[in-house]
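Asker: Protein chains in written order, with the working numbering: chain E, 51 to 437; chain X, 51 to 437; chain W, 51 to 437; chain B, 51 to 437.
Protein chains: 4
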Amino acid sequence: MAAPGPHLLQIPGPSNVPERVLRAMARPTIDHRGPEFQALARDVLGRLRGVFGTEYPVVAYPSSATGAWEAALVNTLSPGDRVLCAETGQFSTQWCVLADRLGLVAEVLPGDWRHGADPQAIEDRLRDDRDGAVKAVMVVHNETSTGVASRLPQVRAAMDAAGHGALLLVDTVSSLACTEYRPDDWGVDVTVCGSQKGLMLPPGLGFNAIGPRALAAAKTAGFPRGYWDWAPMLAMNGDGLFPYTPATNLLYGLAESLDMLAEEGLANVFARHRRLSAATRAAVAAWGWEVQCRHPDEHSPSLTAVRVPDGQDADRLRAVILETANIALGNGLGPLKGKVFRIGHLGEINDARLAGVLAGVELGLAAAQAPLAGSGVAAAVAALGRA
Amino acid sequence: MAAPGPHLLQIPGPSNVPERVLRAMARPTIDHRGPEFQALARDVLGRLRGVFGTEYPVVAYPSSATGAWEAALVNTLSPGDRVLCAETGQFSTQWCVLADRLGLVAEVLPGDWRHGADPQAIEDRLRDDRDGAVKAVMVVHNETSTGVASRLPQVRAAMDAAGHGALLLVDTVSSLACTEYRPDDWGVDVTVCGSQKGLMLPPGLGFNAIGPRALAAAKTAGFPRGYWDWAPMLAMNGDGLFPYTPATNLLYGLAESLDMLAEEGLANVFARHRRLSAATRAAVAAWGWEVQCRHPDEHSPSLTAVRVPDGQDADRLRAVILETANIALGNGLGPLKGKVFRIGHLGEINDARLAGVLAGVELGLAAAQAPLAGSGVAAAVAALGRA
Amino acid sequence: MAAPGPHLLQIPGPSNVPERVLRAMARPTIDHRGPEFQALARDVLGRLRGVFGTEYPVVAYPSSATGAWEAALVNTLSPGDRVLCAETGQFSTQWCVLADRLGLVAEVLPGDWRHGADPQAIEDRLRDDRDGAVKAVMVVHNETSTGVASRLPQVRAAMDAAGHGALLLVDTVSSLACTEYRPDDWGVDVTVCGSQKGLMLPPGLGFNAIGPRALAAAKTAGFPRGYWDWAPMLAMNGDGLFPYTPATNLLYGLAESLDMLAEEGLANVFARHRRLSAATRAAVAAWGWEVQCRHPDEHSPSLTAVRVPDGQDADRLRAVILETANIALGNGLGPLKGKVFRIGHLGEINDARLAGVLAGVELGLAAAQAPLAGSGVAAAVAALGRA
Amino acid sequence: MAAPGPHLLQIPGPSNVPERVLRAMARPTIDHRGPEFQALARDVLGRLRGVFGTEYPVVAYPSSATGAWEAALVNTLSPGDRVLCAETGQFSTQWCVLADRLGLVAEVLPGDWRHGADPQAIEDRLRDDRDGAVKAVMVVHNETSTGVASRLPQVRAAMDAAGHGALLLVDTVSSLACTEYRPDDWGVDVTVCGSQKGLMLPPGLGFNAIGPRALAAAKTAGFPRGYWDWAPMLAMNGDGLFPYTPATNLLYGLAESLDMLAEEGLANVFARHRRLSAATRAAVAAWGWEVQCRHPDEHSPSLTAVRVPDGQDADRLRAVILETANIALGNGLGPLKGKVFRIGHLGEINDARLAGVLAGVELGLAAAQAPLAGSGVAAAVAALGRA
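1) With 16 other CB atoms within 10 Å as the buried threshold, where does X/ALA375 fall?
2) Tell me which residue opens and which closes the alpha helix (DSSP H) that E/ASP178 is part of.
3) Which residue spans inside the region 264 to 316 of chain W form an unbroken alpha helix (DSSP H) run of at least 4?
4) Measuring alpha carbon to alpha carbon, tell me which residue in X/ALA281, X/PRO107, X/GLN140 is nearest X/LYS269.
5) DSSP on X/HIS323, reduced to helix/strand/coil?
6) Report yes or no: do three or more beta-carbon pairs, one from the region 238 to 253 of chain W and one from the region 209 to 225 of chain W, lie closer than 8 Å?
7) Where does the unbroken beta strand (DSSP E) through W/ARG70 begin, and where does it stop?
8) Taking all protein chains shown into account, do 16 or more other C-beta atoms lie within 10 angstroms of the C-beta of W/ARG73, making it buried, or fewer, making it exposed?
9) In the DSSP output, what is E/CYS228 paired with across the bridge?
10) Between X/ARG232, X/GLY63, X/GLY55, X/VAL189, which has its C-alpha nearest X/VAL101's C-alpha?
11) Would you list, in chain order, the members of the region 71 to 102 of chain E that have their beta-carbon closer than 8 Å to a beta-carbon of chain W?
12) Over what stretch of residues does the alpha helix (DSSP H) that includes W/ILE371 continue unbroken?
13) Between W/ARG403 and chain B, is the shortest Cβ-Cβ distance under 9 Å, so that the two count as touching?
14) Return no unless some Cβ of chain E is closer than 9 Å to the Cβ of W/GLU69.
15) Out of curiosity, what's the CA-to-CA distance linking B/ARG99 and E/ILE80?
16) In chain W, what lies closer than 7 Å to X/GLU120 by C-beta?
17) Return the first residue and the last residue of the beta strand (DSSP E) that X/VAL155 is part of.
18) Locate the beta strand (DSSP E) running through B/PRO112, then write down its first and last residues.
19) Of all Cβ atoms in chain B, is any one closer than 9 Å to the Cβ of W/GLU306?
20) Cβ of E/ALA416 versus every heavy atom of the ligand FAD: is any distance shorter than 8 Å?
21) Taking C-beta pairs closer than 8 Å, name the residues in chain E that X/GLY406 reaches, listed in chain order.
22) Shorter than 9 Å from the beta carbon of B/ALA432 to some beta carbon of chain W?
23) Since W/ALA136 sits in a beta bridge, which residues does DSSP pair it with?
24) With C-beta atoms as the reference, is X/LEU404 less than 9 Å away from X/LEU415?
25) Is the beta carbon of B/PHE320 closer than 9 Å to that of B/GLU193?
26) Less than 8 Å between C-beta atoms, sequence neighbours within five positions excluded: which residues of the same chain meet that for B/VAL341?
27) Counting only the same chain and skipping the five closest in sequence on each side, list residues whose C-beta sits under 8 Å from that of X/ASP168.
28) Of all the CB atoms in chain W, is at least one closer than 9 Å to the CB of X/ALA312?
29) With a cut-off of 8 Å on the beta carbons, I'd call W/MET250 and W/VAL71 a contact; round off their distance for me.
30) Here's the rule I'm using: 16 or more other beta-carbon atoms within 10 Å means buried, otherwise exposed. How should E/ASN318 be labelled?
31) Between which two residues does the alpha helix (DSSP H) carrying E/ASP221 extend?
32) I need the boundaries of the alpha helix (DSSP H) containing W/GLN342, first residue and last residue.
33) Should B/ARG164 and E/ASP279 be called a contact, given that it needs their Cβ atoms to be closer than 9 Å?
34) So which of E/GLN419, E/VAL411, E/LEU434, E/ALA417 has the shortest CA-CA distance to X/ALA409?
35) Let me see if you follow: with CB-CB separation under 9 Å, is B/PRO56 close to chain W or not?
36) With 16 as the cutoff for other CB atoms within 10 Å, does W/GLU173 come out buried or exposed?
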């Protein structure tokens, strides 16, 4: 039984859906072939480019982000192609497994789940790839399982330094609309995203932002393509239409969340996420605990994975926190199971809500008799006050 | 411009309406003469008795609580009757003014706005009233302008000690469903309430709980009565009907909020309000500030009126808090204007949300460069952890 | 058990609340003393004047329309004043009863419940009132119990012809935003309305539009006034504030319904109601039945009261229609109980919905084996097609 | 500009989403790894079996129904496999095209778009297939582009008569929850469906119901599978979990629509659709027009495709109907463009709403000066009355 009072969904996505987005989604479904829908679709697809930081098209599937992963691969590659997957955690691994299942040769650049993609390792591997066997490099911008953000400009620089022509495919599922992202400047060829994190929607939309090199690659890519095929999507999106029935009500919500982002201003949105992330780390430090991320330039703006002290079971702590404070936190995934819990601080959240979340977590930890060196909430509020 | 992120309505009512109540209210309006409505009305009117702590009927007007004040007076009294108003703050004063405007002789028992109704003064005054001129004593259970709760059992004892037969009319607008209330045991004859505080609804319903002595008084009360007349309300409510069009959608919401109260259990609801109130005072103490309430047994469970230090303008601080933290606080009323701000901690709120509110307030106060001795949030969280 | 499928609320008010109004009302309640609320209140109170057809102020109470009846009386009159009530049906009678209960001398100008207020009778009575004992004439613009609209310009002309200075108080509960209404031109002094009919909101708001003669009368009116007092309402409304907690969420809905009326244009709204009313009468005629209204210039644009043939019980027919077609119709009130049912065709309704309603009614009547001469639906559709 | 009044979405899907489903979907998104979600998922996945008429598992993708088409193919077949597609209209053709794009050999059994799948032709073709090259037969149960339903028991009998072991894959996108469907009795191996028609939800969920032969086929099927792979879905669904983020809010809505279907009873749901379909044909006949479906046993219960008279442009008529009656109809697809319009009468619709739709269509047709022999509405109401 959770505590009474408002429930807080502080997993690292889905994030809390703003009530105005929920209300927008409660509009009756309309004809997706009619003029009202066409105007809506053209509007949101156009405005999405700004949020994706690109001048090139963005397509939206009725799917989870996993579908958008698959779309990025099957539209640009051919069965048997080699792809290089920078291991950063559970989600980079799952994307890699998906590539393997689809028939790609998925080569893992190993990582320790406490750092982002290693630019030097990528550069070295690509330099070795003299015959250009590697067709794509797959990087998760913000690894949702660890709270580690990869440094994409450095990854780009590494690929350039190696003089390698592989495509760069980037998962921004938990970074988009949370932190700066400039695919056109950084030479990202396909951006993968979902609706349920920085975009503050329920899950159900998967996105690809498609750069010009990816579009060229799609012409010769050898995977058979049906549902995920970019071509009919791009052809019809210009008219505000879709090749099959779109998730109309989520698009209503998207129009609203794009309004919210525009009202606040993306630069302010990014600054807010940075501030909340730093405050969360201040709380963790005050407890005397450690975060999963090890590199000071790689802290995620969207979530913090907190390592629990030896002898503590992170999942038991999460259960106590849910029970005492009605706050849902993310669990440790894969090898991190039981060793970390993850606090999402992305989407619709501000200083007061973050402080409330940290207070609830702290009260839960205290109730579970976890060892706390000091008041994390006080440290977080102090950090917020200085920011 | 308020800060981005979720708005928190922390005035001492209306309180934050839970999303499930808002959704319940979004049901299409139905025929208020049909069987579905009748079942709804009988259900909520029945369950309201439990929340009002009475075995006697409760009536619900489409009105604000001010209307329910008027109803309590015109159904039990006659023009020219003398009533004794215990001054505890702005709302007791306004009720007294209303009585005066309606043609009653409204006698004020003066107060300093930092204490509840004074049982001894009531006893003394009633003892002096040998000929029984005083027909009713009017007490505000929880004075929303000051955060001071009157001790009703002592008031009752005082009236009994004086051996006086005046009716006892009690305003529970900001106490009902927040703190223990037992009108049948305490000899309260009419209870006045509204929908927008402990009942967690938008404003628009006014309530009277009517004890047997009040019902008897209504038979001879001399005020002309139309809209507020109890008689047709009581006659029709038995069948789930109303003498005029009820506020149907608010009744949908009421059914939902009654569910929420039942799920948590009233005793738990009361304990939660006490705990949050104590934690708020701990925060104020840590800031080195003072609360308006002076008597340790009279702290309101629903709100805390915080006195700002000399030289500070409470309304400027409120404006900064709204701007920096998107939290709306209550202003100082009447003579307290600019001298206090009021934090509502009633209705749908739990430890985490309160901590978030206090953090937002603290950040706003810091931004406004108000002098703060220490971290109120840390003190509040510590208090919550001990509770 | 009602039939499956969408329920249609075709009583003559509350009318079907449009989904966009319901969604607007589901917004979280805000501080009614804050700047966002002030802007909202000023906006809706300003735009209401246009819908009430007046340049003078409109006030909005948290109340049913019955409260607005009371407000109109107590603000303009004194106990013992004589008022002239034109009997047109149940609601004119109830308003008259209310006046009587409040202590006015309520004189009834008798009517047969099949005609509107009789201008000649009013003129005759006022001519006889040489000493000006009659202080106000009370007319229901559109009698919701009978579907008969009174001809207000003729009533005004009659009062002028009599050279009598009585105030003219008009109930527009079921006519406002359904048919043309020009109080300033017609010399109406107080207009009474509610939220749940032409304004397409749930019940819970009562309105008074206050002309200059009424405002002058309020200065000397002798009724004690608390809740209903115009003075503080008018004083505070200028700043977007209310003397007591307003029904905030209904005001959200009102802003939306005012948008809808503006989008369609009031002249189109009125034409639509006329057209649907005529089509409904065409259906009744095709069934071989009779409507309650007898005067061709007095058909209500908002509802049609249908007289059932001898031997039929209107309430049984209504029950069958609810069961077979999931359509709620209005019952016969007072002496019309069992003799009529009432079809509301006001608010959010268009040709297709009306045809559906009439089809559902016809199917229900057929299921109940009521005698039908021909197809009312076909006649109605033909009438709509010609319009 | 559409007419004022409630919009009716009478395309053959998405159907009008009931307001209670929209409200259910407006609940805040929860953690899809938490216990509350698990209970929800187990509940809806279990109850879905009843609606799909099967004792075998049903899986739900975040996708459109097109995705569920793809899932049915890639889980059961291998690249290069031959499939037999019974051409019945646009959707059977599109499914066939999808099979072709994915690398199957998609053989078309030609049809005239006015009949369902031809059992005899299927039997003949399968008898000729001595070496079992045909691995699957693909049939659209209810062809949404033509309003023709295929007779599945006869198709099954034909396959049995041929003694052929091909899988039977059936699209029930516009038939499920509208008409009887018994995959276990009829030997259907995979059923494909979406959320937005008989299930009365917005689009965004794609379904496969998976029979035992299909499950066996999945073990050897050679397509690479990622997003659409049944195996992890089936493995995790038992615990109420999904292999990737599910469309949580649509599952809220699904729980509600399953309640609605259970409240009415599936047999009643089917009877209602049959009745409304027959009434619609009665209207078309009264206009003197023709429906697209030619076989009396193959009329769709969900929609009626109406052939417009020579010289009329169906799309112009649709535009006039939208403008005059605010009703959206489906257009003619492929070769039927401009020659038919399609009236959806599926999902949340009853006799009264259908009559209203037909009245609106008739008024629009009259406004467009299309030749009408008589009153379709009257004929429809008469047909409904006899039913």
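Using N, Cα and C, we set each Cβ at its ideal position, and we do this for glycine too. Values in this document were obtained by computation on a predicted structure and should not be read as measured data.
Answerer: Result, derived from the coordinates:
1) buried
2) 169 to 178
3) Whole alpha helix (DSSP H) segments, 4+ residues: 280 to 287, 298 to 314.
4) X/ALA281
5) helix
6) yes
7) No beta strand (DSSP E) contains W/ARG70, which is instead part of the alpha helix (DSSP H) from 69 to 75.
8) buried
9) Under DSSP, no beta-bridge partner is assigned to E/CYS228.
10) For X/VAL101, the nearest C-alpha among the options comes from X/ARG232.
11) ARG73, ALA76, ARG77, PRO78
12) 364 to 375
13) yes
14) With 9 Å as the cut-off, W/GLU69 counts as an interface residue toward chain E.
15) 28 Å
16) GLY276, TYR277
17) X/VAL155 -> beta strand (DSSP E) spans 155 to 159.
18) Unbroken beta strand (DSSP E) run through B/PRO112: 108 to 112.
19) no
20) The ligand content of the structure shown is nil, which means the ligand FAD is not present either.
21) ALA402, ARG403, LEU404, ALA405, GLY406, VAL407, ALA409
22) yes
23) W/LEU159
24) no
25) no
26) GLY197, ARG331, VAL334, HIS349, THR354, ALA355, VAL356, ARG357.
27) ALA136, LEU159, GLY161
28) no
29) So it is a contact: roughly 6 Å between Cβ atoms.
30) So E/ASN318 counts as exposed.
31) Per DSSP, E/ASP221 belongs to no alpha helix (DSSP H); it is in the beta strand (DSSP E), 217 to 221.
32) Per DSSP, W/GLN342 belongs to no alpha helix (DSSP H) and is neither H nor E.
33) no
34) E/LEU434
35) yes
36) buried
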